[in-house]
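Have a look at the structure below, then the notes.
2 protein chains.
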Amino acid sequence: MGLIVQKFGGTSVADAPRIHRAARRAIAAKEAGNQVVVVVSAMGETTDHLIDLAKQVCEYGDCRGPSPKREMDQLLVTGEQVTIALMAMAIHAQGCQAISFTGGQIGLVTDAAFSKARIQSIEKQRVFEQLEKGKIVIIAGFQGMTPQGDFTTLGRGGSNATLVAIGAVLKADVCENYTDVDGIFTADPRLVPNARKIDRISYDEMLELAGRGASVLQTRAVEFAKKYNVPIHVRNSQNDNEGTWIVSETANMEHIVVSGAALKKELTRVTIKNVPDRPGIAARIFGDIAAGNIVVDDIIQNVMDDRTANISFTVERGELGDLKVVVERIVKELGQAKATYQDGLAKVSVVGVGMRVHTGVAQRMFAALADAKINIQNITTSEIKISCIIDEADGPRALRLVHDAFELHKLK
Amino acid sequence: MGLIVQKFGGTSVADAPRIHRAARRAIAAKEAGNQVVVVVSAMGETTDHLIDLAKQVCEYGDCRGPSPKREMDQLLVTGEQVTIALMAMAIHAQGCQAISFTGGQIGLVTDAAFSKARIQSIEKQRVFEQLEKGKIVIIAGFQGMTPQGDFTTLGRGGSNATLVAIGAVLKADVCENYTDVDGIFTADPRLVPNARKIDRISYDEMLELAGRGASVLQTRAVEFAKKYNVPIHVRNSQNDNEGTWIVSETANMEHIVVSGAALKKELTRVTIKNVPDRPGIAARIFGDIAAGNIVVDDIIQNVMDDRTANISFTVERGELGDLKVVVERIVKELGQAKATYQDGLAKVSVVGVGMRVHTGVAQRMFAALADAKINIQNITTSEIKISCIIDEADGPRALRLVHDAFELHKLK
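In the order they appear, the protein sequences are chains A and B.
Under our numbering, the first residue of the first sequence is numbered 95, with each subsequent residue one higher.
Under our numbering, the first residue of the second sequence is numbered 95, with each subsequent residue one higher.
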């Protein structure tokens, strides 16, 4: 007897037969004696279709600004609402009891940052009431509601954030994340053909991999899972194989020096030159950027002389439009400072908790890239990862080289 | 300076260009100095598409029962939510301010009769707040929310019910109902080629026409409009012509004996024979039927001898499944009673407030049908209408005959 939260992504609920297949998994878990909550995404191409409708409408004029962002979320939350209703019907059709809830209906309250809202609280009581009646509870992923009653979406990977947040507040025994792959791989198998499925990985390693471009689970979902110690099991919805367990770090994990490698593409490096070198300037700059809800990474500051410094960081290309507005305002206020933007970059990273106790990891990575004449433009490191910024064109090759250098295809 | 509520049906918002056309109407009304609220239906075929998805899912098992009805409403309300968001974006794109609300978001509270819920209250404050900020307020038609937070739909013609209910609580100067026809006609122009647009019609006449099958505006919307004295202007969204005004009765309306004729098809007559003739039985029978939220019409009771009576009534074919369950239970409890069902019926009606002061109307109608050898199976009358139940196959011809008999094609 446990409490299981299952999440099915868009491809796993893309049509009626797949919805029924997902429903059978939920029912099987229920019949095995568990309480079951199911989080679903929008069906297949639904979100893209809704975005396309909005684009058609906005072709006729200017749809930017905060009000249209609210309306965009008002539009997009319908995608998951369609799936929850159909999933509940599918479970009914198979002879079990189910009830569906939108984010708003279970009191999943967020801030008002439309299109990338953050979860603030969940009223778990409504879920428990239904579980205690023996029902399978279906919850719409990717969405919430502000305290004022406006619908919000949680941004990229929002359904996974819902999965883990629900798992955390309900104190679930496991969050099962069903996708169309067998688990987390040592690298993206589309880029590295001999990549291998990882059986167990720590939250911290997954965090670094997620942040460096492994797209199955996003940083925020893993952060949440780590904070509340919720085990995540990433599985393939097409088979019954064991997938990858994302769990707290255990002692024997340190035997493995490098667990995985990742590539993040479409990066732009922003460099602000001639920044006055006095306390509080960096805090000021990144405070303004954070206030715009823009995620930056790989921050490097070099002091140029006793009065000025250069500050650089990377940002995803998609964020650049919003970011430029903020940066240009800051530059103007700072006087002699100047911003430059270099596009077409990628970042290759290796991650492993074993780095803490093993030496020579960085050297082995740099040598692999240098031997292949790949130029490293920036290096950033944490306790358990090493990242190199390189030309985007070199990205896939660099990932394969690094994967080979650490023999990640071999089971350890 | 007034307050106008506009409603656009599914065909008037079927694609991006039509949404923009509707948006331009709302903006024009705003720029003429009015406060403007817009009620919209789901785009074109959206509701049919959602119903089709549900059917696909339910093919695999049994989706009847109250829980799937809740899920069906959970599914269907997404249709209007898509339109409100796109309509708000279209108004933004044209340079005006707008904000969209679902039924739940403006506190449109209904009972829990899923698929045909009734409006209980509307929190008008949220609408007024936005109107006072100069925004055009977009509201999803056809939907509401129970006090427990479950989504409901208002049943057939629900968007018109929303239009009039919003018009009533906001004390609107006019409710403009935009459709794809020029207004209310003396009969359905598809069946009667020389039918003529009516300029003004009273609530009572419209009520009788709506109940007898004129499909532009449903009974419940007109009842609400009459109760709160909200003028409705039925107009064509494709042109700027004056349509039909539905208003309180005025003295000169009685000069017109018959305002319109209507045909209602797909009727089934239910006859319960050998009902014990004692007080309270009819109330008991129709109480049970009403509790099942089933609408019946044309109730006739004949006493057969001193102890028993026959009771008959008509019901739309679509309601028959739900109704039979209730009727068979009643018959069983009554002992010797027996129910029969006659399918394939239609009802032709003429309506006019002038009937109150003119005589010979019924005779003229019966003669027109008799001359054409159309058999009248039942007759029911009110102060301002006469209805005859006939074979469905005779329906369109009977409507044309009656329309000619009262010379409804001539402007009076």
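Here a beta-carbon is modelled for each residue, glycine too, at the ideal position from N, C-alpha and C.
Just tell me which of the options has its CA closest to the CA of residue i.
i      : options                           : result
A/L502 : A/G277, A/S135 and A/A289         : A/A289
A/T247 : A/K432, A/Q175 and A/I470         : A/Q175
B/G103 : B/I213, B/Q332, B/V341 and B/G189 : B/Q332
A/T338 : A/Q312, A/K291, A/A345 and A/R378 : A/K291
A/L235 : A/E226, A/T453 and A/I213         : Inspection of the sequence shows that residue 235 of chain A is occupied by Gly rather than by Leu. Of A/E226, A/T453 and A/I213, the residue nearest in Cα terms is A/I213.
B/V421 : B/A385, B/A456, B/H452 and B/S296 : B/A385
A/R284 : A/A499, A/R494, A/F500 and A/K504 : A/R494
B/E477 : B/A499, B/I232 and B/G448         : B/G448
A/K432 : A/K418, A/V444, A/L439 and A/I480 : A/K418
B/V397 : B/V442, B/A462, B/V369 and B/V131 : B/V369
B/R423 : B/S215, B/F380 and B/A345         : B/F380
A/N387 : A/N346, A/E413 and A/V131         : A/E413
B/T105 : B/T280, B/I98, B/V390 and B/A136  : B/A136
A/A192 : A/Q242, A/E410 and A/A117         : A/A117
B/E427 : B/K467, B/T453 and B/I366         : B/I366
B/L361 : B/A355, B/T408, B/V389 and B/D392 : B/T408
A/L180 : B/M183, B/Q150, B/K124 and B/V275 : B/Q150
B/L311 : B/V263, B/K467 and B/G249         : B/G249
A/H349 : A/N271, A/T453, A/L169 and A/A182 : A/T453
A/D400 : A/Y272, A/S443, A/A356 and A/R372 : A/R372
A/T475 : A/E125, A/E336, A/H497 and A/R450 : A/R450
B/A120 : B/S443, B/G228 and B/E165         : B/G228
Buried or exposed for residue i, please, with buried defined as at least 16 other CB atoms from any protein chain shown within 10 angstroms of its CB.
i      : result
B/T177 : buried
B/Y435 : exposed
B/H186 : buried
A/G374 : exposed
B/R314 : buried
A/E139 : exposed
A/I483 : buried
My output table needs one value for residue i: the three-state DSSP class, helix, strand or coil.
i      : result
B/R411 : helix
B/V231 : strand
B/V316 : helix
A/D276 : coil
B/D437 : strand
A/Q237 : strand
B/D392 : strand
B/V397 : strand
A/T202 : The sequence given here places Leu at residue 202 of chain A; Thr does not occur at that position. Residue state, collapsed to three classes: coil.
A/T344 : coil
A/D167 : helix
B/K418 : helix
B/A431 : coil
B/Q188 : coil
B/A281 : coil
B/V286 : coil
In terms of residues, what are the limits of the beta strand (DSSP E) holding residue i?
i      : result
A/V364 : G354 to P370
A/S253 : Note, A/S253: premise wrong, no beta strand (DSSP E); alpha helix (DSSP H) at G252 to V263.
B/R450 : Segment: none, B/R450 is in no beta strand (DSSP E) and carries neither H nor E.
B/R329 : I326 to N330
B/Q150 : Here B/Q150 belongs to no beta strand (DSSP E); instead the alpha helix (DSSP H) covers T140 to C152.
A/R294 : R294 to S296
B/A192 : A192 to F195
B/Q100 : L97 to F102
A/V131 : Q129 to V134
B/S215 : I213 to S215
A/D485 : K479 to D485
In the DSSP assignment, the alpha helix (DSSP H) including residue i goes from what residue to what residue?
i      : result
B/V221 : K218 to E226
A/F380 : I375 to A385
B/D465 : V455 to D465
A/D498 : G489 to A499
B/A207 : Element bounds for B/A207: n/a, residue is neither H nor E.
B/K124 : A110 to E125
At a cut-off of 6 Å, is residue i close to the ligand FAD when judged by its beta-carbon and the heavy atoms of the ligand?
i      : result
B/V171 : Within the structure as shown, the ligand FAD is missing, as the structure has no ligands at all.
Residue i touches chain E at which residues, Cβ-Cβ below 7 Å?
i      : result
B/I216 : As a matter of chain content, chain E is missing from the structure shown, whose protein chains are A and B.
Give the residues from the region 163 to 186 of chain B that approach chain A closer than 9 Å (Cβ to any Cβ), ordered along the chain. R164, E165, M166, D167, Q168, L169, L170, V171, T172, G173, Q175, V176, I178, A179, L180, M181, A182, M183, A184 and H186
Give me the subset of the region 229 to 250 of chain A whose CB atoms are less than 7 Å from a CB atom of chain B, sorted by chain position. G243
Check distances from the C-beta atoms of the region 95 to 118 of chain A to those of chain B and list, in chain order, the residues that come in under 8 Å. D109, A110, I113 and H114
Select from the region 140 to 154 of chain B all residues with a C-beta closer than 8 Å to any C-beta belonging to chain A, and list them in chain order. L144, L147, A148, Q150, V151, C152, E153 and Y154
Could you name the residues of the region 199 to 228 of chain A whose beta carbon sits closer than 8 Å to any beta carbon of chain B, in the order they occur along the chain? Q199
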